[in-house]
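Residues in the sequence shown are numbered consecutively from 0, following numbering that gives the first Met the number 0. Quick notes on the structure that follows.
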Amino acid sequence: MTLRVPRVAAVHDISCFGRCSLTVIMPILSCMGIQVCPLPTAVLSTHLGGYNQIAFCDFTERMPAFYQHWKQEGIGFDCIYSGFLASEEQIDTVLHFIEEFSENKPLVLVDPVMGDEGRLYSVYTPQMQEHMKRLVGKADIITPNFTEACFLLGEPYTEQGQEADVLSDWLFRLADFGPSVVVMTGIPSDGTKIMNLGYDRRSGAFWQVFSDYVPAKYPGTGDIFASILAGALLSRQTVPQAMKLAADFVAGVVKATYEAGTPSREGVLLEPALPGLGQAWAKTCTQTIRSNEG
0 MTLRVPRVAA VHDISCFGRC SLTVIMPILS CMGIQVCPLP TAVLSTHLGG YNQIAFCDFT
60 ERMPAFYQHW KQEGIGFDCI YSGFLASEEQ IDTVLHFIEE FSENKPLVLV DPVMGDEGRL
120 YSVYTPQMQE HMKRLVGKAD IITPNFTEAC FLLGEPYTEQ GQEADVLSDW LFRLADFGPS
180 VVVMTGIPSD GTKIMNLGYD RRSGAFWQVF SDYVPAKYPG TGDIFASILA GALLSRQTVP
240 QAMKLAADFV AGVVKATYEA GTPSREGVLL EPALPGLGQA WAKTCTQTIR SNEG
C-alpha cells in the first residue's frame with residue numbers, strides 16, 4: 000500500500016534570514032507530515048523589517064513557467080497556500096495558478112499579508128488592496144490579522160480592538176468576499192490577551208481562542224499560524240482544533256523568544272520548538288484516530 004502524503008503548493012517568498020515565509024513554512028508543514036512544494040515569488044537576503052540594502056531577486060516572471068511544468072507532469076495539490084505578494088501582477092499570477100489547478104478542488108488558503116500594527120506595508124497601493132480582495136474571493140479559508148481585516152473592510156484601526164458584536168459583523172463581511180471560513184488573528188483583547196476569531200459561513204459557527212499578550216513583535220508568526228492551521232485541516236482536524244493548535248504553538252514560541260532576549264528582527268526561536276510541535280501533532284493525530292475508531 001502506497002503512503003499518501005498530502006501536498007501543499009506554498010506561494011511565498013524566500014527570506015533567507017529572519018525566520019519567516021518559506022523558511023518557517025517548510026519545516027512546520029514537514030513536521031506535520033505534509034509535503035511542501037514552494038512556488039517562490041521572490042528570493043531576499045533577509046525579510047523587509049529591520050534590515051537595510053536588502054539583496055532581492057523577483058521571481059514574478061518565472062512563476063508561470065514553474066507551475067505550467069507541474070501541470071505538464073500531472074502534479075496536483077491538496078492545498079494551495081499563498082502569503083505575502085509584492086505586486087498586482089503577483090496577485091494575478093496566483094489567481095491564474097488557482098484556476099489552473101482547480102480540477103481536484105484543493106483547499107485554497109489565502110493569508111492576505113498586507114500589514115500589521117495598523118499600517119500597510121510600503122508596497123501596498125490601493126490597487127493592490129483591490130486585487131487582494133479578488134484573491135480572497137477565490138479562497139476557501141482566509142487568515143487576515145486585525146490590521147489586514149481593517150484594510151480589507153475599509154474600517155479604522157484601533158489599538159484596543161473592537162467590541163464582540165462589531166467583530167462578528169466583520170467576520171460576516173469578510174466571508175461575503177467569498178471564503179467559506181474566516182480566521183481573524185492578533186485581535187487586541189483587554190491588554191492582557193490576544194484573541195483569534197473563526198467563523199464558518201456554511202454552518203454559522205463561531206470560535207474564539209485566546210493567548211497571553213507578550214510585549215514584542217516578531218516576523219513570521221502569521222506564517223507559522225497559517226501553516227499549522229493548513230496542516231491540521233489537511234489532516235482532518237476541525238477548524239477550532241486547528242486554531243487552538245496554531246495559537247498555542249505561536250504563543251509558546253513567542254514567549255520563549257521574548258524570554259531569551261532574541262532580537263525581534265531575527266524572528267522566533269523556531270528550531271528548539273519543532274520537536275514539541277511534532278510531539279503535540281502526533282498526540283493530536285492519535286486522539287483523532289481513537290475518536291474515529293470509537
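We put the beta carbon where it would ideally sit given N, CA and C, even for glycine. What you are looking at is a predicted structure, and each value in this text was computed from that prediction instead of being measured.
Residue i - DSSP class collapsed to helix/strand/coil
i    : result
H11  : strand
R118 : strand
V109 : strand
K70  : helix
T40  : strand
C78  : strand
F145 : helix
Q34  : strand
R61  : helix
R18  : coil
R3   : coil
Whole-angstrom distance between residue j and residue i, CA atom to CA atom
i    : j    : result
T73  : V42  : A small fix is needed here, since residue 73 is Gly in this sequence, not Thr. Going by the C-alpha atoms only, they are around 26 Å apart.
V107 : C78  : 6 Å
G298 : A250 : Here the chain covers residues 0 to 293 and nothing more, so residue 298 does not appear.
M113 : P37  : 20 Å
G160 : S29  : 34 Å
Y66  : A279 : 33 Å
K192 : A246 : 12 Å
R235 : L269 : 25 Å
V165 : H11  : 32 Å
A64  : H46  : 25 Å
S263 : Q71  : 42 Å
H130 : T142 : 16 Å
T157 : L151 : 15 Å
F55  : Y198 : 37 Å
G266 : G275 : 18 Å
T22  : V7   : 15 Å
F58  : G219 : 20 Å
G277 : S81  : 23 Å
T184 : H68  : 35 Å
Delimiting residues of the alpha helix (DSSP H) encompassing residue i
i    : result
K299 : Residue 299 lies beyond the stretch modelled for the chain, which goes from 0 to 293, so this question has no answer here.
S167 : A163 to D175
Q89  : E87 to E99
K132 : P125 to G136
D299 : The structure shown has nothing for residue 299, since the chain only spans 0 to 293.
S29  : L21 to C30
Range covered by the beta strand (DSSP E) that runs through residue i
i    : result
M183 : V180 to S188
V208 : F205 to D211
L196 : K192 to D199
C56  : F55 to D57
Assess contact between the segment 128-139 and the segment 89-101, defined as three or more Cβ pairs (one per stretch) separated by less than 8 Å. Is contact present?
yes
Inter-stretch contact (C-beta, 8 Å, three-pair minimum) for the segment 239-258 and the segment 169-179
no
Taking one C-beta from the segment 226-234 and one from the segment 16-34 each time, how about it: are there three or more such pairs within less than 8 Å?
yes
Would you call the segment 115-128 and the segment 145-160 touching, i.e. three or more CB-CB distances under 8 Å?
yes
Touch test, the segment 98-105 against the segment 214-226, Cβ-Cβ under 8 Å, three pairs minimum
no
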